[in-house]
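Novice: Can you read through this structure? Questions will come right after.
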Amino acid sequence: MLESLRRRLRAARRRAGTLERRQSRDARHWLAETSNLTHASVLVFVPLLIGFVTFLSNELQLVSFLLFPPLASGTYTLFADPEGKYANTWKFVGGLSLGAFCGWIAIEFTALFAPAVAGGGGAPWQVHAWAAALAIFLTGVLTWVLDLEEPSAFSTALLVLLTDPGRFIDVAGIAVSTSVVYVVTVAISTSIIAIAFVAWRREFYERRARYLYTTTQADDHVLVPMRGDTDTETAMLGARLAAAHDAGKVVLLDVVDDEAIAAAERRLIEEHDDVELGDENRDVEADADVRELAERSAADEAAADLERRAARIETRVGVPCEVVVTVEADLSVPGLLDVARDTNCDLVATPLEREDDGTPTRFVRELFRSDIDTVAFDSKAERTDWKRVMVPVHRAGPLAHAMVDYGQRLAGRAGTVSVCTCIGDERSRRDAESMLANLTETTDARCETRVSRSTLDQFIDRNESHYDLVIIGAHTRGTRLSAPEAFERTRDVDTDVAVVHTR
-5 MLESLRRRLR AARRRAGTLE RRQSRDARHW LAETSNLTHA SVLVFVPLLI
45 GFVTFLSNEL QLVSFLLFPP LASGTYTLFA DPEGKYANTW KFVGGLSLGA
95 FCGWIAIEFT ALFAPAVAGG GGAPWQVHAW AAALAIFLTG VLTWVLDLEE
145 PSAFSTALLV LLTDPGRFID VAGIAVSTSV VYVVTVAIST SIIAIAFVAW
195 RREFYERRAR YLYTTTQADD HVLVPMRGDT DTETAMLGAR LAAAHDAGKV
245 VLLDVVDDEA IAAAERRLIE EHDDVELGDE NRDVEADADV RELAERSAAD
295 EAAADLERRA ARIETRVGVP CEVVVTVEAD LSVPGLLDVA RDTNCDLVAT
345 PLEREDDGTP TRFVRELFRS DIDTVAFDSK AERTDWKRVM VPVHRAGPLA
395 HAMVDYGQRL AGRAGTVSVC TCIGDERSRR DAESMLANLT ETTDARCETR
445 VSRSTLDQFI DRNESHYDLV IIGAHTRGTR LSAPEAFERT RDVDTDVAVV
495 HTR
């Protein structure tokens, strides 16, 4: 009974761990969309910053509550669109401070001509109409001339009019008008917000690929099963993917199957045909010895061939290259995953093998259902260098970022990555362009973006001749392949194609 309880506890712990990892992965995938990331940042940082400024105002008893409405709206503008027109800290601080300053000037100017109603005079919250008009006019002119246009500046220009210029506050033994205190606190509070925003944008938002898109930091140890007629081109593709990272390496995997062992066994028998076999037991022992020698000979021969290929890859690409040889009847996906774990590989680059009817082999299909990032390479032109890469994407997310990242690695600094998407009508163009901009701004490659009204198949058919490689994503849900058409598209494409799967 006690052992049964332990088993149940271990099973519950495993299920909890699996659920936690799944939720973490789902959360990372959700945050991978820039719009979701900015909305989450707004919900976290705007309340915290406004709360912090409110705390300071309560402690210092200097900051008027009239400051908070424009401060909150301006802070939202910063975090909601970090790359937008108004995401400029100089405009944020300067614009809001200049607006408050213009409002103060309007108060003082109006007080000379209508002192009875200027500022806080007259009825509660009453503001002279000419003071409001003058504050807005001065704010519009000065922010335009000084290039400090900020929507919230007009709010501070009006709200300062609600302060009482005839009331003074003792600051360090000096009597200061509440209107002047308001202008100063606007400058100080906006500076605090601006410092926090700059730190967030530099340390997290601009580096979000490092934290959210695992392929940009991982996928630097690439395992390449040497299969089919395009294994050399696939090995070069894997090497160039790995070479983009300083810690990158390539592991070439070959399998010594029964056919290779049988061939080695025949050679050994021919070389030792003068050996006399004795009784039946000795025949069995001799057969076992020959089999063992044949396996060793075939493995040594395969390893020597891999070493020669590895040396050529290291010389040409400049990335460390290891070799692994296994003895199996046929390479299986579980066996490949074992090798990947043993060699610390996090990406598999495999040739895109097909059955006689053109569909991918069972090995490729199972690999795309596994929990390891995979690139299936369909070599059409026998290239080993790709400088013009097309990356058609449907939506933002980890898979799209992985495809752009792989395109950047393969094209290098001298190449070009064209990130494309297709839309159904013109109303979707602005959102599509924004999505592509968010995808490409996380890379250092020379990127261009293209939005087309045609279908994806038509777009690829018309433009594939201008590119060395087309990278297509295989969208998955959990462990089930939900877009087998990704493989179908590669059949009619004349240029090289890489189909990408991410876990």
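Numbering (our numbering), first residue to last: -5 to 497.
From the three backbone atoms N, C-alpha and C, an ideal C-beta is built for every residue, glycine too.
1. Assuming Val249 and Gly232 make a contact with CB atoms under 8 Å, what is their CB distance in whole Å?
2. Does the distance from the CB of Lys243 to the CB of Pro145 come in under 7 Å?
3. Reducing DSSP to helix, strand and coil, say where Gly88 ends up.
4. Examine the Cβ distances between the segment 151 to 158 and the segment 91 to 107 and report whether three or more of them are shorter than 8 Å.
5. Excluding the 5 residues flanking Ser499 on each side, which residues of the same chain have their C-beta closer than 8 Å to its C-beta?
6. Quick check on Asp336: does DSSP put it in helix, strand or coil?
7. Pick helix, strand or coil for Arg377, following the three-state DSSP scheme.
8. Using only the alpha-carbon positions, how far apart do Gly88 and Arg440 sit?
9. Counting only the same chain and skipping the five closest in sequence on each side, list residues whose C-beta sits under 8 Å from that of Phe503.
10. Curious, which full-length beta strand (DSSP E) runs of at least 3 residues does the segment 341 to 405 contain?
11. If you draw a straight line from the C-alpha of Gly113 to the C-alpha of Phe49, how long is it?
12. Compute the distance between the beta-carbons of Val387 and Gly401, then report whether it is under 7 Å.
13. Can you give me the Cβ contacts of Leu128 inside the same chain, cut-off strictly under 6 Å, excluding the 5 residues immediately before and after it?
14. Quick check: the Cα distance between Arg201 and Thr104, rounded to an integer number of angstroms?
15. Judging by CA-CA distance, which residue of Arg234, Thr368, Asp462 and Ser412 is the nearest neighbour of Lys381?
16. Measure the C-alpha to C-alpha separation of Thr496 and Leu43 and round it to an integer number of angstroms.
17. So, for Ser364: in the same chain, excluding its five sequence neighbours on each side, which residues have a beta-carbon less than 7 Å away from its beta-carbon?
18. Take Val218 as the anchor and find which of Leu325, Glu295 and Phe131 has the nearest alpha-carbon.
19. Alpha carbon to alpha carbon, how far is Arg403 from Ser185?
20. Using a Cβ-Cβ cutoff of less than 8 Å, which residues in the same chain neighbour Arg483 once the five nearest sequence positions on both sides are dropped?
21. Helix, strand or coil for Arg444, going by three-state DSSP, please let me know.
22. Determine the direct distance from the alpha carbon of Gly78 to that of Val111, and round the result to whole angstroms.
23. Look up Ala127 in the DSSP assignment and say whether it is helix, strand or coil.
24. Based on the DSSP output, what are the partners of Ser412 in its beta bridges?
25. Evaluate Ser29 with the Cβ neighbour count: other Cβ atoms within 10 Å of its Cβ, from every protein chain shown; 16 or more gives buried, anything less gives exposed.
26. Terminal residues of the continuous beta strand (DSSP E) containing Leu246?
27. From the DSSP output, which residues share a beta bridge with Thr320?
28. What is the rounded straight-line gap between the Cα of Val174 and the Cα of Trp124?
29. Quick one, are the C-beta atoms of Met429 and Val494 less than 7 Å apart?
30. Just verifying my parser: in three-state terms, what is the DSSP assignment at Ile44?
31. The beta strand (DSSP E) that contains Leu217, what's its start and end?
32. Hey, Phe371 and Thr137: beta-carbon distance below 7 Å or not?
33. Just checking my contact of Val413 with Leu433 at CB under 8 Å: how many whole Å lie between their CB atoms?
34. Considering just the uninterrupted stretch of the beta strand (DSSP E) at Leu142, what are its terminal residues?
35. Taking Leu92 as the reference, which of Phe62, Leu132, Glu442 and Glu53 has the closest Cα?
36. Straight-line CA distance for Glu514 to Val319?
Specialist: Quick answer:
1. As a position in the sequence shown, residue 249 is number 255, starting the count at 1. As a position in the sequence shown, residue 232 is number 238, starting the count at 1. Not really, about 17 Å apart at Cβ, beyond 8 Å.
2. Mapped onto the sequence shown, residue 243 falls at position 249. Mapped onto the sequence shown, residue 145 falls at position 151. Not a contact, by the Cβ cut-off of 7 Å.
3. Translated into positions along the sequence shown, residue 88 becomes position 94. Helix at Gly88.
4. yes
5. The question about residue 499 has no answer, for the chain in this structure spans -5 to 497.
6. By 1-based counting over the sequence shown, the position of residue 336 is 342. Helix, per DSSP.
7. Working through the sequence shown from its first residue, we reach residue 377 at position 383. Residue state, collapsed to three classes: coil.
8. Numbered from its first residue, the sequence shown carries residue 88 at position 94. Numbered from its first residue, the sequence shown carries residue 440 at position 446. Distance between the alpha carbons of Gly88 and Arg440: 34 Å.
9. In this structure the chain extends from -5 to 497, so residue 503 is not present and cannot be described.
10. 341 to 345, 367 to 372 and 382 to 386
11. The count along the sequence shown starts at 1 and reaches residue 113 at position 119. The count along the sequence shown starts at 1 and reaches residue 49 at position 55. Reliability fails at Gly113, whose pLDDT of 45 lies under 50, so the model's placement of it is uncertain and the value that follows must be treated cautiously. Rounded to whole angstroms, Gly113 to Phe49 spans 27 Å at the Cα level.
12. The residue labelled residue 387 in the question sits at position 393 within the sequence shown. The residue labelled residue 401 in the question sits at position 407 within the sequence shown. Going by C-beta atoms, Val387 is not nearer than 7 Å to Gly401.
13. Reading the sequence shown from its first residue, position 134 is the one you call residue 128. Hits under 6 Å: Ala100.
14. Working through the sequence shown from its first residue, we reach residue 201 at position 207. Working through the sequence shown from its first residue, we reach residue 104 at position 110. Using only the alpha carbons, I get a separation of about 50 Å.
15. Stepping through the sequence shown from its first residue, residue 381 is reached at position 387. That would be Asp462, whose Cα lies nearest to the Cα of Lys381.
16. In the sequence shown, counting from the first residue as 1, residue 496 sits at position 502. In the sequence shown, counting from the first residue as 1, residue 43 sits at position 49. Rounded to the nearest angstrom, the two C-alpha atoms are 37 Å apart.
17. Reading the sequence shown from its first residue, position 370 is the one you call residue 364. The beta carbon of Ser364 sits closer than 7 Å to the beta carbons of Val327 and Leu331 from its chain, once the five residues preceding and following it are set aside; these are given in chain order.
18. Numbered from 1 along the sequence shown, position 224 holds the residue referred to as residue 218. Answer by Cα proximity: Leu325.
19. As a working mapping, residue 403 is identified with position 409 in the sequence shown. As a working mapping, residue 185 is identified with position 191 in the sequence shown. Rounded to the nearest angstrom, the two C-alpha atoms are 39 Å apart.
20. Here residue 483 refers to the residue found at position 489 of the sequence shown. These residues qualify, in order along the chain: Leu450, Asp451, Ile454, Ile466 and Val491.
21. Counted from its first residue, the sequence shown places residue 444 at position 450. Looking at Arg444 - three-state DSSP - the assignment turns out to be strand.
22. Taking the sequence shown and counting its residues from 1, one reaches residue 111 at position 117. Taking the sequence shown and counting its residues from 1, one reaches residue 78 at position 84. Reliability of the predicted coordinates at Val111 is poor, the pLDDT of 47 falling under 50, and the value obtained from them is presented with this limitation in mind. Using only the alpha carbons, I get a separation of about 40 Å.
23. On the sequence shown, residue 127 is found 133 positions in, with the first residue counted as 1. Helix at Ala127.
24. Taking the first residue of the sequence shown as 1, we reach residue 412 at position 418. Bridge partners of Ser412: Met384 and Glu442.
25. In the sequence shown, residue 29 corresponds to position 35, counting from 1. Residue burial annotation: Ser29 is exposed, with fewer than 16 other C-beta atoms found within 10 angstroms of its C-beta.
26. Counting from 1 along the sequence shown, the entry for residue 246 is found at position 252. Segment Lys243 to Val250, the beta strand (DSSP E) holding Leu246.
27. Here residue 320 refers to the residue found at position 326 of the sequence shown. Partner(s): Val249.
28. Looking up residue 174 in the sequence shown gives position 180. Looking up residue 124 in the sequence shown gives position 130. Rounded to whole angstroms, the gap between the alpha carbons of Val174 and Trp124 is 20 Å.
29. By 1-based counting over the sequence shown, the position of residue 429 is 435. By 1-based counting over the sequence shown, the position of residue 494 is 500. It is not a contact, given that the beta carbons lie outside the stated cut-off.
30. Residue mapping note: residue 44 aligns to position 50 of the sequence shown, counting from 1. Three-state result, Ile44: helix.
31. For the purposes of this step, residue 217 is taken as the residue at position 223 of the sequence shown. Start and end: His215 to Pro219.
32. Within the sequence shown, numbered from 1, the residue matching residue 371 stands at position 377. Within the sequence shown, numbered from 1, the residue matching residue 137 stands at position 143. No.
33. Along the sequence shown, one-based indexing puts residue 413 at 419. Along the sequence shown, one-based indexing puts residue 433 at 439. Contact holds; Cβ gap of about 6 Å.
34. If you number the sequence shown from 1, residue 142 lands on position 148. Element bounds for Leu142: n/a, residue is neither H nor E.
35. Sequence index remark: in the sequence shown, residue 92 carries index 98 (1-based). Residue Leu132 is the option with its Cα nearest to Leu92.
36. Examination of residue 514 is not possible in this model, given that the chain is present from -5 through 497 alone.
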